[in-house]
Ligand code: ADP
Ligand code: MG
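Numbering (our numbering), first residue to last: 2 to 352.
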């Protein structure tokens, strides 16, 4: 697939103060990328630079093989063929659903416009609501219309800034999956901005984790969860605890819960003090295990309990246990570490 978007070493500054720096990534045609990170890390700023609303102070943005942003040179948004959907996606209240979708379709004959609107109404499942007005629609329906309106002119790239953040958690994930199917169905390249990892996992092919204006890691949801590149990503994605350990050999680390083995050499010398990432699903409840831990916290999750366990050293770890086992706070239970991956960070390394 040809490259649709390339962001090369981009920095964006407000009043001379950079808030985003050294950002590089590429997106193939039809791919869905995501900028994921905590509030204030620079996601919207980066998206606005890609759209042409903010100039870059360093680096370049390329859209479809054309340089659209460089320092001192910013192609205006209207000439980039980008579509945007924001959190407060404000439909035109005085226009019907079809009026809203047709809004950006200039330079088409009436028949062509009608055909494109019909196609999108069908795509977003709003055919029966074509003549209705925004105030007659639910939030989820309005969001679908906003999406159809942005997709209608066939933008080179669709930029979505926290488009589901005003919705309930459950609806959000369902909508993210639905929107993914819509974009894939129409072959549209898109970037989703969100602080919600479940939304990112549900929608994106590739995710950039942003922290303090920098890309910490670029990968799939699976890769970010199982092979976080640094402590920031390890803490931000999923749940887990960093357990102290010592490097035994190039594939193994000793911890108070036993040895943890990986399949790839970690490149650290034997004897090096490290921290090992232990996810809740790496800790198994096993009454026959000689290793004991004390239950100091528990959260009911329906099918599972998420226990916080205190080990002999005082270190706490998380452990998922099917909820037909019930342990009380203060109980001593048997545990076994069964990690099929090894994520280690050297102690003393600030990253
Ligand atoms: P995010 O979308 O990840 O929450 P933003 O890109 O909105 O983050 O903001 C990144 C940083 O830039 C924040 O510290 C914010 O206060 C600052 N910022 C955003 N917009 C402006 C602006 N127009 N002028 C000055 N500072 C801004
Ligand atoms: Mg934002």
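We put the CB at the ideal spot given by N, CA and C, even for glycine.
In this structure, residue 256 sits away from residue 272, with a CB-CB distance that is not shorter than 9 Å. Contact check for residue 291 against residue 331 fails: the beta carbons are separated by 9 Å or more. Excluding the 5 residues flanking it on each side, residue 160 has same chain C-beta neighbours closer than 8 Å at 48, 51, 52, 83, 84, 85, 86, 191, 192 and 194, in chain order. About 6 Å separates the Cβ atoms of residue 157 and residue 64, confirming a contact at the 8 Å cut-off. For residue 197, the three-state secondary structure derived from DSSP is coil. Residue state for residue 104 is assigned as coil, using DSSP reduced to three classes. Closest in alpha carbon position to residue 59, among 73, 228 and 325, is 73. Taking every protein chain shown into account, the CB of residue 163 has 16 or more other CB atoms within 10 angstroms, so this residue is buried. With a threshold of 16 other beta carbon atoms within 10 Å, residue 15 falls short and is exposed. When the beta-carbon positions are compared, residue 19 and residue 66 stay at least 9 Å from each other.
The residues 162, 163, 164, 166 and 167, in chain order, have a CB closer than 7 Å to that of residue 88 in the same chain once the five nearest residues on each side in sequence are set aside.
Apart from the 5 residues on each side of it in sequence, residue 346 sits with its Cβ closer than 6 Å to the Cβ of 232 and 276 in its chain, given in chain order. Sequence-distant partners of residue 43 (beyond 5 residues in either direction) whose C-beta falls short of 7 Å from its own C-beta, in its chain, are 20, 21, 211 and 214. The beta carbons of residue 337 and residue 278 sit no closer together than 9 Å. Here residue 274 is bridged, per DSSP, to 247. According to DSSP, residue 19 shares a beta bridge with 14. Take the alpha-carbon of residue 235 and the one of residue 325: they are about 30 Å apart.
By the criterion of a C-beta distance shorter than 7 Å, residue 140 is surrounded in its chain by 167 and 168, once the five residues flanking it on both sides are discounted. Within the segment 271-311, the complete beta strand (DSSP E) segments at least 3 residues long are 274-279, 284-286, 293-301 and 305-311, listed from N- to C-terminus. Between residue 109 and residue 117, the CB-CB gap stays under 9 Å. The segment 309-321 and the segment 259-269 do not touch, with fewer than 3 CB-CB distances between them shorter than 8 Å. Fewer than three beta-carbon pairs drawn from the segment 291-300 and the segment 218-228 are found closer than 8 Å, and the two stretches are therefore not classed as touching. Between the beta-carbon of residue 77 and that of residue 12 there is about 20 Å, and that puts the pair past the 8 Å contact cut.
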